[in-house]
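Trainee:
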Amino acid sequence: MIRVEHLVYEYPGLRALDNVSFFIPQGGITALVGPNGAGKTTLLRCLAGLDQPMTGQIHIDGIDVLENPRECHRRIGYLSDFFGLYDALTVRQCLQFAGESCGIDRHQIHERIVSTARELDIANRLDVRASALSRGLRQRLAIGQAIIHAPKVLLLDEPASGLDPEARHELSLLFNRLRDRGMTLIVSSHILAELKEYSSDMLIMRGGHIVEQTHLTHRVETGTRLRVDMAIDTADLRERLMKVAQLELIQADMRSAVIVFRGDRSARHQLLRDMLAADLPVCGLVEETVNLQEYYMSSIQKADESRGTK
Amino acid sequence: MIDNPELRRNIWLELTPHRLAAMPAVLLLIFLCVFALAERNYTPVAWTALGLFGVITVIWGGRLSADSVLDEFRDKTWDMQRMSAIGPWMLTWGKLIGATIFAWYGGIICLVVFFLNGLVGQSHIPVLAVLLLAVGTALLSHGCGILSGILAARNVRRPRPFANSIFFVFVLLGFAGKLQNLFEHQLTDWYGLQFDRIWFISISVWLFAGWSIIGVYRLLCIEMQVRTTLIVWLGFCAFLTVYGAGFMVDQALVHSRLTIFIGAGFFVALTMTYLAVWLERRDAITISRLVLQWKSANLRRALQETPCWMGTAPMALCFALLLILLSDEPLAGAFYSSFVQRNTSLLWPLKLWLFAMRDIALLHFFSMSRSPGRAGWTTMVYLVVIYWLVPQLLSLTKVDLLIALFVPWSGAYPAWEVIGALVQAVVVGWLALHRWQVRTAEIAQRSATVI
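These protein sequences, in sequence, are chains A and B.
Read in the working numbering, the first sequence has 292 at position 292, and its numbers run on one by one without any break.
Offset between the second sequence (1-based) and the working numbering: plus 1000.
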């Protein structure tokens, strides 16, 4: 869906993106993380066709962004970190202007306004001026403007900054809904805890480079990470688990193990029964979520070590 | 036109019921007041209406049109406009008419009052020509307003609408000062033909208004990532040449019309080069991007990335060389400036061009610095020093040759002046090039050490 190759972008005195390459498949939510000045915003602006890189290639949905930025604009939605709204317009007018600017037919626009407003839970505020909205509602309206034309790709730069926990949670639910509809999202954020709720992939940037790109969740076909906890220390846990079933063991010590399990919920129930039948002192079997903070810090550390060895 | 979302957005914002009612009410009160004070004479009402049109539509409308872009930058909605699917042509008209629609609303009322009172009042006012001039001036003001707004926002990213509007007020007051002479049925010579001055100026204003709108379109193309080349810029220069040459062609000089065209072309190309280089981006990255496209032999992209001044500077050189080759006299009869009269050498076009290149190189030298934000002002200070302070000091030495090295208007030592200008242009050009290489190497090195 999104293919970036050897992207280089320079500001006077600074190379913001240095030979950046990655591929993002359709239908996921990719968290773009990194410290301030890592190049996240520049990367998003290049993807949105707003800034022209020095060299490199960007393809979104088969469109060469650098050659046909206007064509790309029709297929993407973009919300910048410091977004603006037309404060004197009502929510309805803001959405109508955004929709018509994105080429939505006049006959369809009112239907789209209503459906987008419902999606964002601002349908009861359609005739309220944008200036009268709270921070969270303004954020929703801005996202509404970015998605009213049903783009295939949505780029969001720090969408949750300044929002309260409840608004952030609602934003996460919205992102998941958009992903379920087949939209591909890239979300830049500093708040790693919030990304965990919806991100399927993570792209870590530092100093204009991609430090790491990784999958955070495993789908059924690729397997689910399960954590098996023991009630008492079990010396030969690794060997005993392997005897129970052909498991992909990620790590194990005397108290717990992390495995990759491929199968549905009933298969998981059967696995638990098998472990108990094998007299393993199992006291817990839970899906393990990646600790993004730890993962991020470990990636950054690896990158630093790699630089040290170079 | 009504399907234009930008126009509709502006209508929502500008034409509120209160404003629609208040404007005619206030204007009516003013006209009634003037009519009563002028003892029921229609002519003062006509002039008042014209004056109000100037204030409301030309001056205030110019300010509104500039703000239509500057406000987008300030309110951070410009990116949404840049990604809009409506295209630069629709956006041009949406801003041109939409942002000023309330000013036009008041202005049209004023023009109707002027037209009716002009007809029944003083008969010698060329009402239609004045109407044409008024509307054309307003369009020109609005076009220039949007142009300056985009340029200010592109170059400084910290737009100063107030300074912008003050500039417009001064320009328009300058025009207004000349307005009185327009109604005296004077004639204008253009290509040996005589035109009624007010009609000539009205048509000229419309032509320039048209070019300002084309200029807005081109800048919006750049902002909206629609690829453009220098064709519009070169076309405008060609128009200025043809238009300007019309004033230089004298009936006594019909035989040297080609030389006049080349001379006009030279002055236009050189002036526009000088103007463009101040308005365009010229940092190390912009130059690097251009060099990269030329190196990769991507001719189309390279032409799209080429700044306007690089299009007109070679043209100015060609015209300069042609002038030197074709002129058997230094055009003294055609160009009545004291400069040309003093510069009896045939080399003066080349000298001017070289001095311009030195200044452009100096501007680029400062633009390649680590903090290029003040490059323009720094260059201006240095140019004042070079063109004014240094000659003043050198004049104390009574050595004219030294002065000739620094200023193009000395005329005492033509060959030395050309050599001096050439050496300066090469040296400053080399310094700018060296600084660009250092800057690009620094960027590459810094990125290698970051990770």
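Don't be surprised by glycine CBs; every beta carbon is placed ideally from N, CA and C.
Residues in its own chain within less than 8 Å of LYS310/A by CB, not counting five upstream and five downstream?
Mentor: With a pLDDT of 49 at LYS310/A, under the threshold of 50, the modelled position of this residue cannot be trusted; read the value that follows with caution. Taken in chain order, the list of residues that qualify is empty.
Trainee: How big is the Cα-Cα spacing for ASP1003/B and SER1204/B?
Mentor: Taking the straight line from one Cα to the other gives about 31 Å.
Trainee: Have a look at LEU1383/B, LEU1325/B and LEU1119/B and flag the residue whose alpha-carbon is nearest the alpha-carbon of ALA1361/B.
Mentor: Of the listed residues, the one whose Cα sits closest to ALA1361/B is LEU1383/B.
Trainee: Let me know the secondary structure DSSP gives SER80/A once reduced to three states.
Mentor: SER80/A: coil per DSSP, three-state reduction.
Trainee: Strictly below 7 Å CB to CB, what residues from chain B border MET183/A?
Mentor: None at all; the shortest Cβ gap to chain B is about 17 Å.
Trainee: Do LEU163/A and LEU171/A come within 8 Å of each other at the CB atom, strictly closer than that value?
Mentor: Result yes, Cβ atoms of LEU171/A and LEU163/A sit closer than 8 Å.
Trainee: Do you know offhand how far GLY99/A's Cα is from ALA1284/B's?
Mentor: Those two C-alpha atoms are separated by around 38 Å.
Trainee: Tell whether a beta-carbon distance below 8 Å holds between ALA1036/B and LEU1139/B.
Mentor: Not closer than 8 Å, so no.
Trainee: If the cut is a Cβ gap below 8 Å, which residues of chain A does LEU1013/B touch?
Mentor: Per Cβ cutoff of 8 Å: TYR86, ALA88 and LEU89.
Trainee: By DSSP, does ASN19/A sit in helix, in strand, or in coil?
Mentor: Here ASN19/A sits in strand by DSSP.
Trainee: In chain order, what residues of the same chain lie with their CB nearer than 7 Å to the CB of GLN145/A, ignoring the 5 residues before and after it?
Mentor: Answer for GLN145/A: CYS94, LEU95 and ALA98, listed in chain order.
Trainee: Would you say THR1092/B and ILE1213/B are within 8 Å of each other, going by their C-beta atoms?
Mentor: Going by C-beta atoms, THR1092/B is nearer than 8 Å to ILE1213/B.
Trainee: Please identify the residue among GLN108/A, LEU216/A and ILE60/A whose C-alpha is closest to the C-alpha of GLN293/A.
Mentor: Closest option to GLN293/A, Cα to Cα, is LEU216/A.
Trainee: So, at 6 Å on beta carbons, what are the nonlocal neighbours of PRO1372/B in its own chain, with the 5 sequence-adjacent residues on each side left out?
Mentor: For PRO1372/B, where only same-chain residues beyond five positions count, the Cβ hits under 6 Å are ASP1283.
Trainee: Between the segment 1372-1397 of chain B and chain A, which residues of the former have CB atoms less than 7 Å from a CB of the latter, in chain order?
Mentor: Within the segment 1372-1397 of chain B, the residues whose Cβ lies closer than 7 Å to some Cβ of chain A are PRO1372, listed in chain order.
Trainee: Tell me where the alpha helix (DSSP H) around ASP1359/B begins and ends.
Mentor: Run containing ASP1359/B: 1348-1367, per the alpha helix (DSSP H) assignment.
Trainee: State yes or no: is the beta carbon of PRO1307/B nearer than 8 Å to at least one beta carbon in chain A?
Mentor: Chain A contact via Cβ: absent.
Trainee: Hey, is the segment 115-123 of chain A in contact with the segment 66-79 of chain A, meaning 3+ C-beta pairs nearer than 8 Å?
Mentor: Contact fails: fewer than three Cβ-Cβ distances are below 8 Å.
Trainee: Buried or exposed for LYS40/A, please, with buried defined as at least 16 other CB atoms from any protein chain shown within 10 angstroms of its CB.
Mentor: Buried, since its Cβ has 16 or more Cβ neighbours within 10 Å.
Trainee: Report yes or no: is there a C-beta of chain A within less than 8 Å of the C-beta of ALA1099/B?
Mentor: So no, ALA1099/B is outside the interface.
Trainee: Who are the Cβ neighbours of ARG135/A in its own chain at under 6 Å, not counting the five residues just before and after it?
Mentor: GLY162.
Trainee: Anyone know if the C-beta pair for GLY1061/B and TRP1104/B falls short of 8 Å?
Mentor: Going by C-beta atoms, GLY1061/B is nearer than 8 Å to TRP1104/B.
Trainee: Applying the criterion that 16 or more other CB atoms from any shown protein chain within 10 Å of the CB defines a buried residue, is ARG1019/B buried or exposed?
Mentor: Classification of ARG1019/B: exposed, given that the 10 Å Cβ count is below 16.
Trainee: Quick check: ASP157/A and LEU247/A, are their CB atoms within less than 8 Å of each other?
Mentor: Cβ atoms of ASP157/A and LEU247/A: not closer than 8 Å.
Trainee: Measure the C-alpha to C-alpha separation of LEU32/A and ASN68/A and round it to an integer number of angstroms.
Mentor: Each residue's alpha carbon lies about 24 Å from the other.
Trainee: Using the three-state DSSP reduction, which class does ASP121/A fall into: helix, strand or coil?
Mentor: Of the three classes helix, strand and coil, the one that applies to ASP121/A here is coil, per DSSP.
Trainee: Can you list, in chain order, the stretches of the alpha helix (DSSP H) that have 4 or more residues and sit fully within the segment 1367-1396 of chain B?
Mentor: 1375-1384, all fully within the segment 1367-1396 of chain B.
Trainee: Mind reading off the beta-carbon distance from LEU1133/B to SER1202/B? Whole number of angstroms is fine, and I expect it under 8 Å.
Mentor: Indeed they touch by this definition, with Cβ atoms about 4 Å apart.
Trainee: Starting from VAL286/A and walking both ways along the beta strand (DSSP E), at which residues does that stretch end?
Mentor: Note, VAL286/A: beta strand (DSSP E), 282-287.
Trainee: Residues bridged to ASP279/A by DSSP?
Mentor: In DSSP, ASP279/A forms no bridge with anything.
Trainee: Between LEU1347/B, ILE1146/B, LEU1433/B and ARG1227/B, which lies nearest to ALA1419/B when the distance is taken from Cα to Cα?
Mentor: The sequence given here has Ile at residue 1419/B, not Ala. Nearest C-alpha to ILE1419/B: LEU1347/B.
Trainee: Between VAL1216/B and CYS1237/B, how many whole angstroms is the CB-CB distance? I'm expecting something under 8 Å.
Mentor: 18 Å between Cβ atoms; not a contact.
Trainee: Determine, using beta-carbon pairs with one atom in the segment 19-35 of chain A and one in the segment 178-191 of chain A, whether at least three such pairs fall under 8 Å.
Mentor: Output reads yes: the segment 178-191 of chain A touches the segment 19-35 of chain A.
Trainee: Buried or exposed, going by whether 16 or more other CB atoms sit within 10 Å of the CB of VAL1135/B?
Mentor: With 16 or more other Cβ atoms within 10 Å, it is buried.
Trainee: Where does LEU137/A fall in DSSP's three states?
Mentor: Helix at LEU137/A.
Trainee: If you follow the alpha helix (DSSP H) that GLY1244/B is in, where does it begin and where does it stop?
Mentor: 1231-1248 is the span of the alpha helix (DSSP H), which, as asked, contains GLY1244/B.
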